[in-house]
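Engineer: Take 1497 as the starting number for the sequence shown in the numbering used here and just add one per residue.
For every residue, glycine included, the Cβ atom is placed at its ideal position computed from N, Cα and C.
No experiment lies behind these values; they were computed from the predicted model shown.
Quick one: this structure, given as structure tokens, is what I'll be asking you about.
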Amino acid sequence: MIEHFIRHIRQKNLLDFEKTYFIAISGGMDSVVLSYLMHLSKIKFILAHCNFRLRGEESDGDEAFVREWGQKLGVEVVVGYFDTDDYAKNNGVSTQMAARDLRYQWFDDLIAERKLAGVVVAHHLDDQVETVLLNLMRGTGIEGIYGMADKREKIIRPLLDFSKTQIQTYALSVPLSWREDSSNAKDVYKRNHLRNKILPLIRKHDENAIALMEMSFDRIKDTGRAFFYFLQEWLDRHLEIRGNYQMLPLDQLKSVPGYKSLIYYWLKDYGFNYFQTEDIARSIAKNTVGKLFYGSLGEANIDRYQLILKTGKESDTALFLEGTEENFICGGQIFSMTTAFSVQIDKSPQNAMLDMDNLTFPLMIRKWEEGDRFIPLGMKNFKKVSDFLIDLKIPLIHKQNVKVLCSGGNIAWIIGLRVDDRFKITSKTKTVLHIKRQN
């Protein structure tokens, strides 16, 4: 097994023979075998043991065993003591979650304080299968079948290539001694029930079942890698990004078989869950327009022609312009501002040409408000901004972020949409304020 172990860590570049690690050791068979293999491999390490004080004398017995094992190996042993029940009560989490949080926080502290290369843990192939099956039972996507990584950031798992049976056979052949955690035999946790009841039945049916499941998971993982590669390639081609807005054309989206998954993997990083993205896909299929969906880091809106994601939050603070600025930023867009005595007419609604003599400085840029009115260019009567935006069929997600340029309390320009007729340039205009979008 030692040859297999060394070959595996070299092939996957898991451990550096020149660096020092710490092994998370419980005193159980898996972590004892791991520490013994690393000792034989001449990899430098210290042993780190967590005493969660949950099993009274049994917990203290585990600690004593680890200290004695460290002496036999000739390595340093560090022990962390935790009031797990108190942490669970104060943070509203289960005892299991409390132990996990405390353990990994201590690991982070140890790595930083001791300048260690990482923490080596004893998860093996059976643990991997349990993790994937639990993910499937909870409901998961492709990434849930990935299970645990051999190496992720500072956590290294060099035993994922070995089954529980292989580890036990090796431990008995050395022979090694270890501690048994009585809580592992209790079926009160899903993982224990899976480990103690379900997996033995599967093995009884086919002794190679665990290895075959792992092979299947590997194939699915490989398919997943291809999926994510092509997903990113597709998004790069079709996703339009403007400031804090991202837009996907609905016709392109609907042409993708299984586009529900595409929506999920695009939006999940913005705090949208599977059920929300399923609702979005259903609404798109029914041609539902104007519906808003909220994630923790963004808002999604189905427009007539595109699915729009707004990320972050725009500032509600008003911006004042003295008239001397060359540029300003509004809604993630850069605008230039110049004055001229004669200029070619700019007909783009994204830009504005205003009569300087009718403006009162400083100008103010703010979000539009209910009750705002202006006289749209070419008209003689006032119109509510809300009605104007409805007439233009502005998507709801954009509508709430439309801004106006005000002069002396009056709207001079609905930015990017329409100038107020009172501030337009005419044949009598002497000086023009030309505001032009640059990106």
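When DSSP builds the beta bridges, which residues end up paired with Asn1823?
Structural biologist: DSSP, once it has assigned bridges, lists Ser1832 as partnering Asn1823.
Engineer: Looking at the structure shown, is Met1497 part of a helix, part of a strand, or coil, going by DSSP?
Structural biologist: In this structure, Met1497 counts as coil in the three-state DSSP scheme.
Engineer: Sorted by chain position, which residues of the same chain lie with C-beta nearer than 6 Å to Phe1548's C-beta, five sequence neighbours on each side aside?
Structural biologist: The residues are Phe1578, Thr1580, Ala1595.
Engineer: Mind checking whether Ala1814 and Ile1861 have CB atoms under 9 Å apart?
Structural biologist: In this structure, Ile1861 lies closer than 9 Å to Ala1814 by Cβ.
Engineer: Near Arg1691, what residues of its chain come up, given a Cβ to Cβ distance below 7 Å and the 5 sequence neighbours on each side ignored?
Structural biologist: For Arg1691, where only same-chain residues beyond five positions count, the Cβ hits under 7 Å are Glu1626.
Engineer: Would you mind reading off the limits of the alpha helix (DSSP H) that contains Gly1576?
Structural biologist: Not the alpha helix (DSSP H): Gly1576 falls in the beta strand (DSSP E), residues 1573–1577.
Engineer: Could you check whether the stretch 1897–1913 touches the stretch 1843–1862, counting it as contact only if at least three pairs of C-beta atoms, one from each stretch, sit closer than 8 Å?
Structural biologist: Yes, the stretch 1897–1913 touches the stretch 1843–1862.
Engineer: Output needed for Asp1605: all residues of its chain with C-beta closer than 8 Å, excluding positions within five of it in sequence on either side, in chain order.
Structural biologist: Closer than 8 Å at Cβ, skipping near neighbours: no residue.
Engineer: On the DSSP bridge assignment, give the partners of Gln1802 in chain order.
Structural biologist: Answer by DSSP bridge pairing, in chain order: Pro1745.
Engineer: Between the Cα of Lys1806 and those of Trp1762, Met1849, His1930, Ala1722, spot the shortest distance and give me the residue it belongs to.
Structural biologist: Ranking the options by Cα distance to Lys1806, first place goes to Trp1762.
Engineer: Measure the C-alpha to C-alpha separation of Val1785 and Ile1776 and round it to an integer number of angstroms.
Structural biologist: When rounded, the distance between both Cα atoms is 11 Å.
Engineer: Please state whether the Cβ-Cβ distance between Ile1542 and Leu1530 is less than 9 Å.
Structural biologist: No, Cβ-Cβ distance for Ile1542 and Leu1530 is not below 9 Å.
Engineer: Taking C-beta to C-beta, are Ile1505 and Pro1654 nearer than 9 Å?
Structural biologist: It is a contact, given that the beta carbons lie within the stated cut-off.
Engineer: Throw me the rounded Cβ distance for the Phe1919 and Leu1850 pair, which I believe falls under 8 Å.
Structural biologist: So it is a contact: roughly 5 Å between Cβ atoms.
Engineer: Which residue from Arg1648, Gly1557, Thr1773 puts its Cα closest to that of Tyr1790?
Structural biologist: When each option's Cα is compared against that of Tyr1790, the closest is Thr1773.
Engineer: Per DSSP, which residues does Leu1536 bridge with? Please list them.
Structural biologist: Partner(s): none; Leu1536 has no beta bridge.
Engineer: Comparing C-alpha positions only, which one of Val1589, Trp1565, Ile1502 sits nearest to Ile1539?
Structural biologist: Selected option, being the one with the closest Cα: Ile1502.
Engineer: Considering only DSSP beta bridges, list what Ser1807 is partnered with.
Structural biologist: Just to set this straight, residue 1807 is Thr in the shown sequence, not Ser. Partner(s): Gly1794.
Engineer: Give me, in chain order, the residues of the same chain whose beta-carbon lies closer than 6 Å to that of Val1915; leave out the 5 immediate sequence neighbours on both sides.
Structural biologist: Taken in chain order, the residues that qualify are Ala1848, Leu1873, Trp1909.
Engineer: What whole-angstrom Cβ distance do Leu1672 and Tyr1532 have, given they're in contact under 8 Å?
Structural biologist: Their Cβ separation, rounded to whole angstroms, is 6 Å, which keeps Leu1672 and Tyr1532 in contact under 8 Å.
Engineer: How many Å lie between Val1571 and Ala1560 at the Cα?
Structural biologist: Val1571 and Ala1560: Cα-Cα distance of roughly 15 Å.
Engineer: Taking the alpha helix (DSSP H) that Ile1886 belongs to, which residues open and close that run?
Structural biologist: Residues 1881–1887.
Engineer: Can you tell me whether His1734 is helix, strand or coil according to DSSP?
Structural biologist: Helix at His1734.
Engineer: Taking DSSP's pairing of strands, which residues face Lys1700 in a bridge?
Structural biologist: For Lys1700, which the question treats as bridged, DSSP gives no partner whatsoever.
Engineer: Would you check if the distance between the CB atom of Gly1767 and the CB atom of Gly1739 is smaller than 9 Å?
Structural biologist: Contact flag unset, no.
Engineer: Just to confirm the assignment: which complete alpha helix (DSSP H) runs, minimum length 4, are found wholly within the stretch 1631–1678?
Structural biologist: 1638–1641, 1660–1669, all fully within the stretch 1631–1678.
Engineer: Using 8 Å as the Cβ pair cut-off and three pairs as the minimum, do the stretch 1721–1741 and the stretch 1752–1762 touch?
Structural biologist: Counting Cβ pairs under 8 Å, three or more are found: they touch.
Engineer: For Asn1854, collect the residues of the same chain with a Cβ closer than 7 Å to its Cβ; drop the 5 residues on either side in sequence, then sort them by chain order.
Structural biologist: For Asn1854, where only same-chain residues beyond five positions count, the Cβ hits under 7 Å are Arg1918, Phe1919.
Engineer: Starting from the Cα of Ser1678, find the closest Cα among Ile1651, Glu1553, Ser1844, Glu1736 and give me that residue.
Structural biologist: It is Glu1553 whose Cα lies nearest to the Cα of Ser1678.
Engineer: Suppose you measure from the CA of Leu1885 to the CA of Glu1822; what does that come to, to the nearest Å?
Structural biologist: Their backbone Cα atoms lie some 29 Å apart in a straight line.
Engineer: Just to confirm, is the Cβ distance from Leu1598 to Gly1614 under 9 Å?
Structural biologist: Against a cut-off of 9 Å, the Cβ pair of Gly1614 and Leu1598 comes out as no contact.
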